[in-house]
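Numbering (the numbering used here), first residue to last: 2 to 589.
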């Protein structure tokens, strides 16, 4: 009982073994998904932590800016400072007291401020004031510096600027960040410039929360010049990368933005009322690489996958052996066009294979029947298309022919008009009224003569058409309107300049076939146009019907097979030859 069940379901059980192995692979895939999820969680947590750091740096920078502004405003509004740099006529005692008051005021400001920057004031009257240290520039040279000129140009603005070295004894060899503001009197006229000088390394402490290995941090002034950075290469340079971000923040009245960019995190934090921006790039991928040893993980996954593939290969090979025997047998049936079924006894295998063979045989029978029916439908459809084309008389052709007959009547050529009218009536009767698909060669030639007569009436007797038909060929059957498209093509395209021309129609027997040749001495056809002509289905709009050369060729092959059809030979300037090969066929 059990052995019988195993025999009937052996393929099922073997496939189940493969499924078990597949489950192992799925476990590996799930492990990969978990790793990706953990990476996403790490990335989100890392970004959140960086945002908090950005907020702390923002608070620290804002506090620095606020205290700097308070210091500058307090000095700018101090009467002693103003007198020192604007009044030169004070008495000795007044001058001494004024300097004392100025020093006392400035000292009190610096006691309240724990930032280690130096204060320098340069008056337009040539006086200078430096709290601590020595000045290594002459006042006149100091005022000629670019940073001084900018302060005077923007006298109401506190500017943050960068110099690769300072001009005091403690900063002359180090990069510095300089905060400048023009000092103005009550009437708004500047009388000096205040400089707050801080070493760039000291300024960098404002954002030392960022890891320099994973983050590039930039402090930008209003001109997008880097005044401080943990990447010294960019100090004093113009950074275009964050310009658009800063502009968008200003336009949208926002303070910060953070977004992904090529695997990194870009952030920009604008400090209001300071013309400063904190921008940077967080290398999130680099941070992830430091956490995850991807090479080791990939190696382990590769080993597990390789072992799994070997196991699956061995199992599938054993299970599919009967299937390959079935496939081999099925391959031998291709040449028989599905006419033979597979005998179950010819394919050794398990019970499921026998069921598969039975189903396959049923499918083959259905497909064979379907193909035959489809071929039949396609043939009928093609016949209907050709019949519809040959029954379609071009209205322009009818109008032009009737106009030609009318002209003959108007000219008084009664006999000619009657002859043309009779030909036109017979041509329409044989084309429309008679529904036979095949007519004799004699009937086809008669129709052709009617067509040529009408064309000669319309365009003049400039083209001479000659017929050379072997007498024993007249009774053979050919598809109706076989020759007309080629004569029409010669009339309209072989002699475009309306020169005199000649068309010869030759029909003779060749063993079991009929050979039809249509030769003209027209202008010929270029090779490119010749290829295009072979694929054009629709005839000229000036012609009798809608049948094109490709229609004729397709029709012949549909009726008689691929051994028959048309061949076009043409040489530019010498003419064209059409060769039509048909089998002999007599009316039953």
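No residue lacks a Cβ here, since even glycine has one placed at the ideal position from N, Cα and C.
| task | Taking only the alpha-carbon atoms, compute the straight-line gap between residue 497 and residue 553 and give it to the nearest angstrom. | result | Residue 553 has its alpha-carbon roughly 23 Å from the corresponding atom of residue 497.
| field | Secondary structure, beta strand (DSSP E): runs of 3+ residues fully inside the region 405–454 | value | 439–441
| Using the C-alpha atoms, what's the distance from residue 301 back to residue 276? | 53 Å
| query | Does DSSP put residue 515 in a helix, in a strand, or in coil? | reply | strand
| said: Would residue 198 and residue 279 be called neighbours here (beta carbons separated by less than 9 Å)? | reply: Judged by beta-carbon spacing, residue 279 lies beyond the 9 Å limit of residue 198, meaning their Cβ atoms are not closer than that value.
| What span of residues does the beta strand (DSSP E) with residue 270 cover, start to end? | 265–272
| said: In the DSSP output, which residue or residues are listed as bridge partners for residue 257? | reply: 270
| In the structure shown, what three-state DSSP assignment does residue 185 receive? | DSSP places residue 185 in the strand class (E or B) of the three-state scheme.
| query | Can you find at least 3 beta carbon pairs, one from the region 73–87 and one from the region 97–113, that sit closer than 8 Å? | reply | yes
| request: Consult DSSP for residue 524 and reduce its assignment to one of helix, strand or coil. | output: Correct three-state label for residue 524: coil.
| message | Could you tell me the alpha carbon to alpha carbon distance between residue 29 and residue 161, rounded to whole angstroms? | response | Taking the straight line joining both Cα atoms gives about 56 Å.
| field | Neighbourhood of residue 246 by C-beta, 6 Å cutoff - its chain only, sequence neighbours within 5 removed | value | 258, 269
| field | Residues bridged to residue 196 [DSSP beta-bridge criterion] | value | When DSSP reads this structure, residue 196 sits in a beta bridge with 121, 181.
| field | Secondary structure of residue 278, DSSP reduced to three states | value | strand
| Cβ-based neighbour list, residue 264, same chain, cut-off 6 Å, excluding 5 preceding and 5 following | 286
| Classification of residue 67 by the beta-carbon crowding that lies within 10 angstroms, buried from 16 upward | exposed
| task | Determine the closest residue to residue 102 out of 113, 85, 420, 90, with distance taken between C-alpha atoms. | result | Measuring from the Cα of residue 102, the nearest candidate turns out to be 85.
| task | Specify, as a first and last residue, the run of the beta strand (DSSP E) that residue 216 falls within. | result | Its beta strand (DSSP E) spans residues 216–221.
| said: Rounded to the nearest angstrom, what separates residue 215 and residue 52 at their Cα positions? | reply: 14 Å
| If you draw a straight line from the alpha carbon of residue 504 to that of residue 367, how long is it in whole angstroms? | 53 Å
| message | In the DSSP assignment, the alpha helix (DSSP H) including residue 616 goes from what residue to what residue? | response | Not covered by the structure: residue 616. The range shown for the chain is 2 to 589.
| message | With distance defined between alpha-carbon atoms, name the residue in 110, 95, 57, 39 nearest to residue 69. | response | 110
| request: Please state whether DSSP places residue 9 in a helix, a strand or coil. | output: Bear in mind that a pLDDT of 46 at residue 9, under 50, signals an unreliable position, so the number given afterwards is only what the model happens to contain. Residue state for residue 9 is assigned as helix, using DSSP reduced to three classes.
| task | With a cut-off of 8 Å on the beta carbons, I'd call residue 179 and residue 159 a contact; round off their distance for me. | result | Between residue 159 and residue 179 the Cβ distance is about 11 Å, and since that is not below 8 Å, they are no contact.
| task | Give the single residue among 235, 175, 459 whose Cα lies nearest to the Cα of residue 165. | result | 175
| field | Neighbour-count burial assignment, residue 273, 16 or more Cβ in a 10 Å radius | value | exposed
| query | Starting from residue 152 and walking both ways along the alpha helix (DSSP H), at which residues does that stretch end? | reply | 147–154
| message | Can you give me the C-alpha to C-alpha distance between residue 369 and residue 359, rounded to a whole angstrom? | response | 16 Å
| task | Identify whether residue 131 lies in helix, strand or coil by the three-state DSSP scheme. | result | strand
| field | Exposure label - residue 205; buried when at least 16 CB within 10 Å | value | By the 10 Å Cβ count, residue 205 comes out buried.
| said: For residue 119, count the other beta carbons within 10 Å of its own beta carbon; 16 or more makes it buried, fewer makes it exposed. Which is it? | reply: buried
| message | For a test of the three-state rule: what should DSSP assign to residue 1, helix, strand or coil? | response | Given a span of 2 to 589 for the chain in the structure shown, any question on residue 1 remains unanswerable.
| task | With DSSP collapsed to three states, give me the class of residue 469. | result | strand
| Could you check where the alpha helix (DSSP H) with residue 137 kicks off and where it finishes? | No alpha helix (DSSP H) holds residue 137; DSSP gives it neither H nor E.
| query | How big is the Cα-Cα spacing for residue 355 and residue 364? | reply | 14 Å
| request: Flag this pair as touching only if the region 515–526 and the region 572–582 have three or more C-beta atom pairs under 8 Å; answer yes or no. | output: yes
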